[in-house]
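J.: Per our numbering, residue 35 is the first one in the sequence shown, and the count goes up by one each step. All residues carry an ideal CB built from backbone N, CA and C; glycine is no exception. Being a predicted model, the structure only gives us computed values, none of them experimental.
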Amino acid sequence: MAGTSAHEPSQEAAPTLDAVVVGTGFAGLYMLHRLRTAGLSVRAFEAGDGVGGTWHWNRYPGARCDSESYYYCYSFSSELEQEWEWTCRYPEQPEILRYLNHVADRFDLRPDIQLDTTVTSAHYDEAAGRWLVRTDDGAAVSCTYFITAVGCLSAAQVPDIPGLDGFAGRWHHTGRWPQDGVDLAGKRVGVVGTGSTGIQAIPVIAESAAHLTVFQRTPNFSVPARNAPMSPQRQREIKENYPEIRRRTRETFGGFPYGVSDRSALEVSEQERQEEFEAGWRDGGHRLLFSGFRDLILDKDANDLAADFVRSKIREIVRDPATAEKLLPFDHPIGAKRPPIDTDYYETYNRDNVSLVDVRSSPIEEITPRGIRTADGEYELDVIVFATGFDAMTGALDKIDIRGRDGLRLRDKWAAGPATYLGVATSSFPNMFLITGPGSPSVLSNMPVSIEQHVEWIADCIGYLRSHDLGAIEATTQAEQEWGEHVNRVAGYTLFPLADSWYLGANIPGKPRVFTPYAGGAGKYRKRCDEVAAQGYPGFTLTGA
Ligand code: NAP
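(1) Leaving out five residues before and five after Arg547 in sequence, what residues of the same chain have Cβ atoms less than 7 Å from its Cβ?
(2) Can you give me the Cβ contacts of Gly163 inside the same chain, cut-off strictly under 7 Å, excluding the 5 residues immediately before and after it?
(3) Please report how far the alpha carbon of Tyr559 lies from the alpha carbon of Glu301, in whole angstroms.
(4) Could you check if Arg523 belongs to the surroundings of the ligand NAP, using beta carbon to heavy atom distance under 7 Å?
(5) Which residue from Glu350, Asp410 and Leu332 puts its Cα closest to that of Gly369?
(6) Assuming the contact rule is C-beta atoms closer than 8 Å, Leu218 and Thr88 should be a hit. Round their C-beta distance to whole Å, please.
(7) For the candidate residues Ala161, Arg251 and Gly185, whose alpha-carbon lies nearest to that of Leu431?
(8) Thinking C-alpha only, which one of Leu339, Trp536, Tyr552 and Arg251 is nearest Lys545?
(9) Can you tell me whether Pro212 is buried or exposed? The criterion is at least 16 other CB atoms within 10 Å of its CB, across all chains shown.
(10) Just to confirm, are Thr454 and Pro475 a CB contact at a threshold of 8 Å?
(11) How far does the alpha helix (DSSP H) with Val55 in it extend, from its first residue to its last?
(12) Does the beta-carbon of Glu486 have 16 or more other beta-carbons within 10 angstroms, so that it is buried, or is it exposed?
(13) Is the beta carbon of Arg98 within less than 7 Å of some heavy atom of the ligand NAP?
(14) Return the CA-CA distance between Asp142 and Arg437, expressed in angstroms with no decimal places.
(15) Keeping to the same chain, check which residues put their C-beta closer than 6 Å to that of Tyr292; ignore five residues upstream and five downstream.
(16) Give the single residue among Asp503, Ala493, Leu456 and Val524 whose Cα lies nearest to the Cα of Pro572.
(17) Going by C-alpha distance, which of Thr247, Val417, Thr511 and Ala156 is nearest Arg445?
(18) So does Ser303 have its beta carbon nearer than 7 Å to some heavy atom of the ligand NAP?
(19) Using CA atoms only, rank isn't needed, just tell me which of Asp329, Ala48 and Asn522 is closest to Arg307.
(20) Under three-state DSSP, which class holds Cys563?
(21) Within the chosen definition, does the segment 484 to 500 reach the segment 115 to 129 through at least 3 CB pairs nearer than 8 Å?
(22) Mind listing, in chain order, the continuous alpha helix (DSSP H) runs of no fewer than 4 residues lying wholly within the segment 197 to 256?
(23) Pick out whichever of Pro551, Phe420, Ile469 and Thr470 has its Cα sitting closest to the Cα of Arg204.
(24) If you check the beta carbons only, do Trp91 and Arg210 fall under 8 Å apart?
(25) Terminal residues of the continuous alpha helix (DSSP H) containing Thr88?
(26) If you pair each beta-carbon of the segment 373 to 384 with each one of the segment 234 to 243, do three or more pairs fall below 8 Å?
(27) Is the beta carbon of Gly229 closer than 8 Å to that of Ser479?
(28) Short of 6 Å in beta carbon distance, which residues of its chain neighbour Asp534, apart from the five on each side in sequence? Order them along the chain.
(29) Return the Cβ separation of His197 and Ile401 in integer angstroms, given the expectation that the two are a contact with Cβ distance under 8 Å.
(30) Are Gly319 and Arg260 closer than 8 Å when you measure CB to CB?
(31) Helix, strand or coil for Leu149? Go by DSSP, reduced to three states.
(32) Mind checking whether the beta-carbon of Phe424 lies closer than 7 Å to any heavy atom of the ligand NAP?
(33) Quick one: Cα of Val352 to Cα of Pro452, how far?
(34) So, is Phe364 buried or exposed, given that buried needs 16 or more other C-beta atoms within 10 angstroms?
(35) Report the three-state DSSP secondary structure of Leu63 (helix, strand or coil).
(36) Measuring CB atoms only, is the segment 47 to 55 touching the segment 172 to 183, in the sense that at least three cross pairs come out at less than 8 Å?
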C-alpha cells in the first residue's frame, strides 16, 4: 500500500471501524450521531482539545455568528430545539460553543470522539476496499467509510511578511485565538485585515486597547447587524413555529427562513428603492442584500445602487472625511465578497484611539521588532492581530495526506482546482465523503442547514450501500466533469467572480483561481441530491461487497 513504512501500523494490524469522521464541529458531531444511530462503529478525530470546530478555534474578541441564532443551529432533534434557549438575535462564540458541547453530551457522543488528535493521512487500500487512517499519535485505524468534516474555513492563513519572527510583542491569528484570551487593555494593538472577522473584532478591541491601528488593504461593505437580546415572547414564537421555519430553510436559496423578493431593484421607483434599502439598514443583517430585491448579486446595475447606498451611509457615519474616503469600497460589487455585518464598525473610526492605515497605497513592507513598517513609516505595536482569513474550502483537506486508488493524492488531483461530484465525493476516492466540500452550496448558505443536508444524504447513501450489499461507491469522472462545468456556469451568472475573494482562492498566493462553492442555491441543490439518491445514485459507480 502506498506510503506505508515498516514502522507504521498496517491495514491488517489496525483496529477496524465502519467509519472515521475527521472533525467535531457542527458537521462532525452530527455525522457521528447519524452513523452511530444507524448501528455503525465510528470514531471522530478532533485536532482541538474540545469539540466545536470553528467555534472552538475562533475565540477572538467580538466573535459572533452573522446568521441568527434560531436558524444557525441543528434541526434534527425537535427536543433539542425546544429545550435550548438562545439569548440573542446573533449568538456569540461562547454561546455556540456551549450549544455544541451540550449536543455532544445530550447525544452521548464523547465516547466516540478522540480529542487532541490530528489525522495526518488517509490511504485507500483497493485490495482490501478499506481506508487506513493515521493520526499524529502514531496510531492507525482501518475503516470502510472516510468522511471529512474539516470545515470550509479552518486552515488559518498568516501572511508571509518578513520579520514576523523577530517581533518583540505578541501576535495572534483570530482563527487560533488563545483559549485563555489575550489582555489587550492599555496596549497598542494593530489589526491586519477587514473581512468579516476584522469587522467584528475591531470595535471590541478598540474599547480596551490604548490605541488601535487598523491595517486595511481592501475596504469592505458592511451593514449593521442590529444585535439584541432574545425576548421571551420571540423565543416562544420561534419555538411554536419551528416546523415552518425549518421547512423554509430547506427550500430557500441560502438556507435562511426568508426568501428572496421577486422584485428587481431596477424596476421600482427611486423612492421605493431607497425605502427598501433603508428598511434593510434599519432591520440589520442580510436583509438589505438578500431579501429586498432579487437581482443585487446578479445584475451589476442593481448592485451599484445598493453599493452607492452603503457608501452614502459610510460617509454619513464617519466624521473625518479623509478616513471615510479610505473606507469606501469601489473595487468589488457589494456581496461579491462574503458580506460582513457589524456592530458599530464604521462608528469605531470616530474614536480618538483608532486610526486607519491604507496598506493598498502604502503596503506593509516588514514586521520590525517594534511593530509594522509600511511604505509610509513604522507603527509601534505591542500586539498584532492577524484577521487575515483562511485557506478556504481546500486548505484543511490539503493538510491531510489523502490518497485514493492507485495512490493518487487528493492534493495532486486538485492541483488545478478541486473537482467533485455534487461537492460530496470525488472520483478515484471510493467511500470518501466530503461534508460541505467544494462544489456544494456550503459557504454561500446557512452552514448548519447545508451540513445537515450533507450528513443526512451521506448517512442515507451508506445505508443504501449496506442494505444492497454493496462494498463501495465512487463518483464517475464524467459526472464530476459535468458537475464542475455546471458549478462554473452558474457562478458565471452571478457577480461573485468579479471580486478577488477567498471564494475564488484569490487570498492565497499561488492558489488556482476557481470559484469553489455552488451558487445555484441550497434549496435547488438539495432537490438535485435527493433525485440522485432516489434514482439509485446515477453519476456514481457502485460495486459489490
Ligand atoms: P477574509 O474575509 O479572507 O478577510 C481577510 C482580510 O485580511 C481581508 O481584509 C484581506 O484583505 C486582509 N489581508 C489578508 N492578507 C493580507 C496582507 N498580507 N496584508 C494586508 N491585508 C491582508 O477573512 P475573515 O475576515 O477571517 O473571514 C473569512 C470568512 O469567515 C468570512 O468571509 C465568513 O464566511 C467567515 N466568518 C464568519 C463569521 C460569522 O459570523 N459567521 C465571522 C467571521 C468570519 P484583501 O481583502 O485585500 O485580501
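T.: To lay it out plainly:
(1) Contacts found: Leu538, Gly539 and Ala540.
(2) The beta carbon of Gly163 is closer than 7 Å to those of Gly505 and Ala506 in its chain, skipping five residues each way along the sequence.
(3) Each residue's Cα considered, the two are about 29 Å apart.
(4) No, since every heavy atom of the ligand NAP falls outside the 7 Å radius drawn around the Cβ of Arg523.
(5) In this structure, Leu332 is the residue among Glu350, Asp410 and Leu332 with its C-alpha nearest to the C-alpha of Gly369.
(6) About 22 Å; that fails the 8 Å criterion.
(7) Ranking Ala161, Arg251 and Gly185 by CA distance to the CA of Leu431 puts Gly185 first.
(8) That would be Trp536, whose Cα lies nearest to the Cα of Lys545.
(9) With fewer than 16 other beta carbons inside 10 angstroms of its own, Pro212 counts as exposed.
(10) Taking C-beta atoms as the reference points, Thr454 and Pro475 fail to come closer than 8 Å.
(11) Looking at the DSSP string, Val55 is not in any alpha helix (DSSP H); the run it does join, the beta strand (DSSP E), is Thr50 to Val56.
(12) Result: buried.
(13) At a threshold of 7 Å, Arg98 counts as near the ligand NAP, since its beta carbon sits closer than that to one of the ligand's heavy atoms.
(14) Roughly 32 Å separates the two Cα atoms.
(15) Contacts found: Ser325.
(16) The residue with the shortest Cα to Cα distance from Pro572 is Leu456.
(17) Per the Cα distances, Ala156.
(18) Ser303 Cβ: outside cutoff for every heavy atom of the ligand NAP.
(19) Measuring from the Cα of Arg307, the nearest candidate turns out to be Asp329.
(20) Helix at Cys563.
(21) As far as the Cβ criterion goes, the segment 484 to 500 does not touch the segment 115 to 129, which means the pair count is below three.
(22) 230 to 242, all fully within the segment 197 to 256.
(23) Cα-wise, what sits closest to Arg204 is Phe420.
(24) Yes, they are a contact pair.
(25) Looking at the DSSP string, the run of the alpha helix (DSSP H) that includes Thr88 is Thr88 to Trp91.
(26) They touch, by the three-pair rule.
(27) Cβ atoms of Ser479 and Gly229: not closer than 8 Å.
(28) Ala540, listed in sequence order.
(29) It is Gly, not His, that sits at residue 197 in the sequence shown. Indeed, because the Cβ distance is near 4 Å, the residues count as touching under 8 Å.
(30) Going by C-beta atoms, Gly319 is nearer than 8 Å to Arg260.
(31) The answer is coil: DSSP assigns Leu149 none of H, G, I, E or B.
(32) Yes.
(33) Cα-Cα distance, rounded: 41 Å.
(34) Exposed, since its Cβ has fewer than 16 Cβ neighbours within 10 Å.
(35) The answer is helix: DSSP assigns Leu63 an H, G or I state.
(36) Counting C-beta pairs with one atom in each stretch, the segment 47 to 55 and the segment 172 to 183 have three or more that are closer than 8 Å, which means they touch.
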